[in-house]
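Notes for the one structure printed next.
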Amino acid sequence: MDSLSTSLSAHVIANLTSSLSAHVVAAISPQVVSILTASENLKMNIDEITKFQTTLEENSKDIKDIVDNASQSAKPGTPRSYSAVVQQNAQTPAPISAALARAATRDRQILFDPVPGSVLFATEVTSPFSDKFRIIRATRPP
């Protein structure tokens, strides 16, 4: 009887094991697929967040520089010309740089339009500027 029960149990175990394992695999395979899909989505999301963080850090540095420049230029009592602002905030190609240089020179020029036959400075006025102007005027041909 022992041999009959042993052979019967071995036969049942062999048939049941293959059937049971097939059912377990069929039951858990959708969950395994969903876990793998979620893992791949999580990896893609982490990569996107890392790229976004890098972009955000770069932009925050740029914004900080812009705010610093704006706060420096917004100090009261410090008028600024257009050419000074453009020169500070951008690197420009050569033709534009030449135009900006001419504009900066024009910003600093002092133009005198004296009345013919009269002097620009009275002779009693003395200052370093008026003395230099008299020397320049005297050395310049008429």
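Quick note on our numbering: the sequence shown kicks off at 172 and runs consecutively. The beta carbon of each residue, even a glycine, is placed where N, CA and C say it ideally should be.
When the Cα atoms are used, S205 and V183 turn out to be separated by approximately 34 Å. Rounded to the nearest whole angstrom, the CA to CA distance from S176 to I217 is 58 Å. The alpha carbon of I281 has as its nearest neighbour, out of G288, A270, F304, A272, the alpha carbon of F304. For P287, there is no enclosing alpha helix (DSSP H), as DSSP marks it with neither H nor E. A270 has its alpha-carbon roughly 11 Å from the corresponding atom of R277.
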